[in-house]
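Asks: Going by the numbering used here, the first residue of the sequence shown is number 4, and it counts up by one from there. Below you will find the structure I want to go over with you.
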Amino acid sequence: MIMCVLGLAMTGCLGDGAVVPIKEPGLEPRDPDPGKVVVWERGPRALQCESPSVTLMQSAKKLIDAGIAVSRSNCAVDGFAHPAVCGALSGEILVHDVPVSSLTAAMALGFRPESELAPSTWHRTPCSPVMHAIEAAQDTPHCADIRNRVLSIQNMLMPQEQYTLLDQAGSCADASYRLLLYGQEGDQVLCSVADTIAGPQKSCPVESYAQMFDTIIANLDRPDLGLGSAWVVGQIYPVD
Numbered sequence: 004m005i006m007c008v009l010g011l012a013m014t015g016c017l018g019d020g021a022v023v024p025i026k027e028p029g030l031e032p033r034d035p036d037p038g039k040v041v042v043w044e045r046g047p048r049a050l051q052c053e054s055p056s057v058t059l060m061q062s063a064k065k066l067i068d069a070g071i072a073v074s075r076s077n078c079a080v081d082g083f084a085h086p087a088v089c090g091a092l093s094g095e096i097l098v099h100d101v102p103v104s105s106l107t108a109a110m111a112l113g114f115r116p117e118s119e120l121a122p123s124t125w126h127r128t129p130c131s132p133v134m135h136a137i138e139a140a141q142d143t144p145h146c147a148d149i150r151n152r153v154l155s156i157q158n159m160l161m162p163q164e165q166y167t168l169l170d171q172a173g174s175c176a177d178a179s180y181r182l183l184l185y186g187q188e189g190d191q192v193l194c195s196v197a198d199t200i201a202g203p204q205k206s207c208p209v210e211s212y213a214q215m216f217d218t219i220i221a222n223l224d225r226p227d228l229g230l231g232s233a234w235v236v237g238q239i240y241p242v243d
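Encoded structure:
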């Protein structure tokens, strides 16, 4: 298995061994290094209220597979004002730094130049928990042949209370299941449990979520995950 490294700079592993250099915003300038340009496409959600259609790794892979060197990849927003209504543009974009000499080739693949973004207000942002969960699901399909889904969990009494769950189960020895509960920002994992060669491993770095996580684990077959009628649970990946 290819190991993906998470540190000051995070790298995303692609199936062919290529690496996408993903850096969390705020640790480096928005603008690319000399000799590089920004190209972008809409995603992970092009339109509001729709499910994610492309991840950052998938987006970068289009460029890498075409022989274009990608030196940095980020989630971002386009900087324009969009009406808050289902079906309107989400403003979410996926940006990549590539050599100036590769701009034409990238545009031929459907990517767009930085000149089409709002000059002073577009900016790089942390990728959403949903996208991190989908990328994790896509990275380990061989050990999730029984179940491999990403669920959104929202408290309708407190709509700002939202979580994302990666739920995997498969027939791999010593890796037959994995559950990750993501928080509301970036790749923060609130709780996790997994089958490993050393036996079941469970962790809740944020201890206050342990009881909620135990409830979810015990009720994976229920539509509300055992959380009650105040909670709405929806499947984001795979799309039915």
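We treat Cβ as the ideally placed atom computed from N, Cα and C, and that holds for glycine.
Go ahead and label residue 160 buried or exposed: buried means 16 or more other beta carbons lie within 10 angstroms of its beta carbon, across all protein chains shown.
Replies: The residue in question, residue 160, is exposed, as its Cβ has fewer than 16 Cβ neighbours within 10 Å.
Asks: DSSP has residue 96 in a bridge; who is on the other side?
Replies: Answer is 45, 79, bridged to residue 96.
Asks: With H, G and I counted as helix, E and B as strand and the rest as coil, what does DSSP make of residue 206?
Replies: Three-state DSSP puts residue 206 in a strand.
Asks: So is residue 210 buried or exposed if we call it buried at 16+ other beta carbons inside 10 Å?
Replies: It counts as exposed.
Asks: Is there at least one Cβ from chain B nearer than 8 Å to residue 85's Cβ?
Replies: Absent from the structure is chain B; it holds one protein chain and no more.
Asks: Following the continuous alpha helix (DSSP H) through residue 141, name the residue where it begins and the one where it ends.
Replies: 132 to 142 is the span of the alpha helix (DSSP H), which, as asked, contains residue 141.
Asks: Just curious, the alpha helix (DSSP H) that residue 232 is in, first and last residue?
Replies: Run containing residue 232: none; DSSP gives neither H nor E here.
Asks: Rounded to whole angstroms, what is the Cα-Cα separation between residue 106 and residue 155?
Replies: Going by the C-alpha atoms only, they are around 37 Å apart.
Asks: Should residue 95 be labelled buried (16 or more other beta-carbon atoms within 10 Å of its own) or exposed?
Replies: With 16 or more other Cβ atoms within 10 Å, it is buried.
Asks: Apart from the five residues just before and just after residue 117, which ones in its own chain have a Cβ nearer than 6 Å to its Cβ?
Replies: Here the set comprises 41.
Asks: Would you say the region 124 to 141 touches the region 69 to 86, given that touching needs at least three Cβ pairs under 8 Å?
Replies: Yes: the two stretches touch, three or more of their Cβ pairs being nearer than 8 Å.
Asks: Can you give the Cα-Cα distance for residue 241 and residue 62, rounded to whole angstroms?
Replies: Between residue 241 and residue 62, the C-alpha separation is close to 18 Å.
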